[in-house]
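Residue numbers (this note's numbering), protein chains in the order written: chain S, 1 to 321; chain A, 322 to 758; chain Y, 759 to 1065.
The beta-carbon is built from N, C-alpha and C at its ideal position, and this holds for glycine as well.
Worksheet for the structure shown next.
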Amino acid sequence: MTVITDAAENVAGAGVSGSRRVRRLTGRDKIVLGLMVGIPTLLHVALVWVPTLVSVLLSFSSWDGIGGLATIKFVGVQNYVTMFTVSPTFWPAVQHNVIWLVFFVLLPTPFGVFLAYQLDKSIRFTRFYQTAIFLPVVISAAVTGFIWQTIYDPDNGLVNSILGTNKPGVAYIEWLGDSHLNLWAVLIAASWKQAAYIMILYLAGLKGADPSLREAAALDGASEWQTFTRVTFPALKPINIIILVVTIIESLRAFDLVYVVAGSNGTKPGLELLSILIANNILGESSLVGYGSALAVILLVISLVPILSYVFQTFRKEQQS
Amino acid sequence: MARPRPGQLPTLDRRSVLKVLLAGAGLAAVPGLAACGSGGSAASDPNTVTFGSNGSDAKPKQAYQAVLDAFAKQSGGLTAKPNVQDHNAFQQNINSYLQGTPDDVFTWFAGYRMQFFANKGLLHPIDDVWDKIGGNFPQAVKDLSKSTDGHYYFVPIYNYPWGVFYRKSLFAEKGYEVPKTFDDLINLAKKMQGDGLSPFVQGFGGGESWMLLGTFDYLNMRTNGYQFHIDLMHGKESWADPKIKSVMDSWKRMLPYYTPGASSKKWEDASAALVNKTGGMMVIGMFVGQSFTSQADQDDLDFFAFPEINSQYGTTAVEAPMDGFLLSKNPKNLDGSKKLLEFLGGAAAEDTYLSIDSSNLAVNDKADTSKYGALQKKAVQFIADAKDLSQFGDRDSDPGFIQNVVEPAFAQFVQSPNTSDSLLTQIQSQKSQYFQS
Amino acid sequence: MTAVAEVPATAASRPAPAPRRKPIRPARVVLHVFLTATALVWLVPFVWAVYTSLRTFADTSQHGYFSLATALTFENYQNAWEQAGLPHYFLNSVIITVPAVLVTLLFSASVAFFVSRFNFKVNLLLLMLFTAGNLLPPQVIITPLFRMYLLIPLPDWLSNGSGLMYNSFLGVILIHVAFQSGFCTFVLSNYMKTIPHELTEAALVDGASVFRQFWQIILPLCRPAFAALATLLTIWIYNDFFWGLVLFQTGANRPITSAIASLQGQYFSNQNLIAAGALLTAIPTLAIYLALQRQFVSGLTLGANKG
């Protein structure tokens, strides 16, 4: 535990000269401290971590949610077997989540980085550009869904009207109804938000970065591209990690937008996502609690990979610094 | 905000006091505001009965309100407070609704979908109510109001048939004839398409994929008979059976004539095509009459039975879902609720409802049918002549199964008809998750 | 670590690259054109929604949506406000958001204080726990949480009459607090680290209790961080859709952002009304953003720039 004590000491001791010893706290102080940290922690653990654990336990059960705990039947890994081999929605959902992630990593995230880089240069109107581009981030994902639904409407929406594809029988594209198109249509709507979010995070990072490195590179005759890839980008490693984690987490958490657009009744072919599948198993008429929990566990496991690596990396740095 | 110099202890300034107050107020505000702002629940008020309703479309909403007002007039101080939800959302949330804090009395449907909740112990049996109202109903209706344990749970108010609806004037204009067989139907559709009309008006988007079941149910009953259909709905037959495959093959013949964009429209919006004569026929329930707002249009509305496929079964099976009311397990006002249910099971309630929403039919023997329009009279006869009455796919079967397995599969089928075989296999393989017997 | 303070300093101290600047006028112009185009494209969905919402249903039914409006009117906004009962849902949102933000800040500050000012062995674990908990997808915990809420009894006055934590404002407030504490704790602990220890040491010398240190010294100094976090939290919590959807039974108690979904259910084809309703929902967040943009951005950067 020495290591962690040292780490904690370093965490707490920034900006202080000389040695510090844990000072003696009065009994009353201890109680206050205990409450100050105990109550929030208890709430957090009770409402976040305990349900996570219960989800894992429930995934091995079969329960329709009605009746008391006594009606829960334990069925081992049957839910997982069903999920992997029988369910027609599970693998498409995984596929869609992966597509979502890859899409985000390839398009809106780099675009956001690019925009941030351009906006970092001291140019005029940067305030206007930032404000305009950043607007999607402050409206909720659900409202985003409503707005884009009117844009994608096959008869009257903006897209079809511009393209002229709102003539049934002649040229008619159902952006949200066609299972081959709807995921991409939704991804564009989601990217509208995501690129802006990444932009602002990266811009913050750039502003906090040391400019002398860039100037040194420029003085050495490096081109803009070289400066970016060799100097700026590597120097922003903490931000890069955050951007990556945010991208991954947001693609795993995608729910509001799709739920609003897909109609809340069952899954729409083409727009299955793990989060939607889970919600359908709870919000539907006869719920499969065990099966829904198994889905939740899969989502949890996938999410824990980036979460844990981020958390460990961040706090190990704290330890070392 | 001046930083205190080392050695100086800051005094308690206004800002920190404000912070304490704010935080405290934050916590205290919750119950205070909750008490005044929530609106929704009447505590155990002996003079109020809460009434949950899924009648969110204009006419049903008005009609239920009129019924509740009529109840209040004759109840001697008892009033019913309605809680109207969007009808799709109401059905969607029924599970959590019943387990959380349901209203005392609420609208629901007859069939497996009712028995399902009764068997889970979420409903209150109402045998005593039926002692009073039993004389008003024919045996068939009585049977549909019981659950498998033999107790009564359901008070019916109306039913309506599903059929193929059309406008008489359009058919007369274009010289169309009512088809007798399925082949005739497809030929008619082809003709309509040649005339520039949309042959099969459909709308199953916006959370209404249950509309697809109407077509499936009839195709199945016409092809394989009523008993097979009910057994299938109750999980006793296999969805991968060749019998179903032939149903899907028939369905494939209809698909080319579906309105484009059907999967993005609700039936309420799609029916506009029927009203303005750009569409020819619609496989739907009689509630489509709600879209015909002018009297002239309404008089022009007619329907025919879904045509015969297999002469062994003819057209003797009719899909006639019945709507009504249930009593939740632990109502806040049990006596008041039972009084409300007695009223709802009486002719007066029936008459009041139908006087506003005439796209439905009374199930009460004592109801006044003299004001029935031509369409209603035809529908009554239609149901009376039927040999078998089904309740509709999502009421005859396990609701979760229908919603999470069957409806998405059908929505997929409509887009890619060639995948019908694999879709059926998928439905079959997921069946065991829902039908535990 | 004060990213907020750093920004102007950095910008001001950056020397103008005059001597090294090649004639990059054309490139600058291209850049401006690109950025303007991007900004305009980004605004198109908004503009479309606003335009649609200002037209009447009759107008668009007749002429289609992609046409010049015959007249612009606020009728849809009025209808959405009155028919859909939006004021009631707004009130629900306020009842949920305000306490949630305040309590989250209070709790996070408490834990951050604990973690940043004292050497306890459990500090690191706490931070990791909170941060990880913040990043979980909500769907992972919804089933057990829902079941839990159905089991916890609350007095009627606290639970909107349901007698359970399900369907109560308190339930939703608590889950928001639990979920958002992670991010705020992390940010505040970083922020508090930069507060010199001489201040608290002096207080201790004077015999102040831990609580007084917290309340009178640390908290006031965190005000910029609080402002930033409060802005962020208000927008995030207000924009919540999922908890408001699942943890309320139906209808009446939902916050506006979740209630808007049932508006969609009822008025599916009337896009003018839905656009108006959706934009009405977004107005508070837009207002906060435009008024407090600096705080909002610095809130994000506080989390991003970890010293």
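{"Query": "Under the three-state DSSP convention, the category A/P403 falls into", "Result": "strand"}
{"Query": "Near the ligand GTP: S/L283 beta-carbon under 8 Å from a heavy atom", "Result": "No copy of the ligand GTP appears in this structure; indeed no ligand is present at all."}
{"Query": "Local conformation of Y/N877 per DSSP, three classes", "Result": "coil"}
{"Query": "Beta-bridge partners of Y/G843, as assigned by DSSP", "Result": "None, per the DSSP bridge assignment."}
{"Query": "Residue range of the unbroken alpha helix (DSSP H) whose run includes Y/D964", "Result": "Taken as a continuous stretch (DSSP letters only), Y/D964 belongs to no alpha helix (DSSP H), as it is neither H nor E."}
{"Query": "Cβ pair A/P738, A/W483 closer than 9 Å", "Result": "no"}
{"Query": "Beta-carbon proximity list for A/P459, same chain, < 6 Å, skipping 5 on both sides", "Result": "none"}
{"Query": "Beta carbon proximity, Y/N1030 to chain A, threshold 9 Å", "Result": "no"}
{"Query": "Per-residue contacts from Y/L789 into chain A (C-beta, under 9 Å)", "Result": "Simply none; closest approach about 40 Å."}
{"Query": "Contact between the segment 624-640 of chain A and the segment 539-549 of chain A (3+ Cβ pairs under 8 Å)", "Result": "yes"}
{"Query": "Unbroken beta strand (DSSP E) run spanning A/E589, endpoints", "Result": "Unbroken run through A/E589 is the alpha helix (DSSP H), W588 to A591; no beta strand (DSSP E)."}
{"Query": "Simplified DSSP state of A/P581, which is helix, strand or coil", "Result": "coil"}
{"Query": "Candidates Y/F937, Y/F792 and Y/T796, of which the one nearest S/L135 by Cα", "Result": "Y/T796"}
{"Query": "Check whether A/G524 and A/M513 have beta carbons under 9 Å apart", "Result": "no"}
{"Query": "Within-9 Å CB hit, Y/G921 to chain A", "Result": "yes"}
{"Query": "Length of the line joining the Cα atoms of Y/I910 and Y/Y847", "Result": "25 Å"}
{"Query": "Members of the segment 638-665 of chain A that neighbour chain S once the beta carbon cut-off is set at 8 Å", "Result": "none"}
{"Query": "Contact with chain A by S/Y259, beta-carbon distance below 9 Å", "Result": "no"}
{"Query": "Same chain, Cβ closer than 8 Å to Y/A827, neighbours up to 5 away in sequence not counted", "Result": "Y809, L812, R813 and D817"}
{"Query": "Inter-residue CB distance, A/S711 and A/A638 (contact presumed, cutoff 8 Å)", "Result": "6 Å"}
{"Query": "Boundaries (first-last residue) of the beta strand (DSSP E) holding A/A478", "Result": "In the sequence as displayed, the identity of residue 478 of chain A is Ile instead of Ala. Where A/I478 is concerned, the enclosing beta strand (DSSP E) stretches over F475 to N480."}
{"Query": "Neighbour-count burial assignment, A/N368, 16 or more Cβ in a 10 Å radius", "Result": "exposed"}
{"Query": "Where Y/P895 falls: helix, strand or coil (DSSP)", "Result": "coil"}
{"Query": "Against chain A: residues of the segment 892-917 of chain Y by CB proximity under 8 Å", "Result": "F904, L908, D914, W915, L916 and S917"}
{"Query": "Cα-Cα separation between Y/Y907 and Y/I1046, rounded to whole angstroms", "Result": "32 Å"}
{"Query": "Chain-ordered neighbours of Y/Y1047 on chain S, where CB pairs are closer than 7 Å", "Result": "V138"}
{"Query": "Chain A within 9 Å of S/G177, Cβ atoms only", "Result": "yes"}
{"Query": "Residue-level contact to chain Y via CB, S/I173, 9 Å cutoff", "Result": "no"}
{"Query": "C-beta atoms of A/P729 and S/T89 nearer than 9 Å", "Result": "yes"}
{"Query": "Interface flag, S/G112 vs chain Y, CB-CB below 9 Å", "Result": "no"}
{"Query": "Burial state of S/I242 (16 or more Cβ within 10 Å)", "Result": "buried"}
{"Query": "Helix, strand or coil at A/S649 [DSSP, three-state]", "Result": "strand"}
{"Query": "Cβ-based burial, S/Q194 [other Cβ within 10 Å; buried from 16]", "Result": "buried"}
{"Query": "Cutoff 8 Å; reference A/S584; Cβ partners in own chain excluding five residues on either side", "Result": "F525, G526, A732, V735 and Q736"}
{"Query": "Interface flag, Y/P773 vs chain S, CB-CB below 9 Å", "Result": "With a pLDDT of 46 at Y/P773, under the threshold of 50, the modelled position of that residue is not reliable, and the figure given next carries that caveat. Yes, its Cβ sits closer than 9 Å to a Cβ of chain S."}
{"Query": "Neighbourhood of S/S55 by C-beta, 8 Å cutoff - its chain only, sequence neighbours within 5 removed", "Result": "S293, A296, V297 and L300"}
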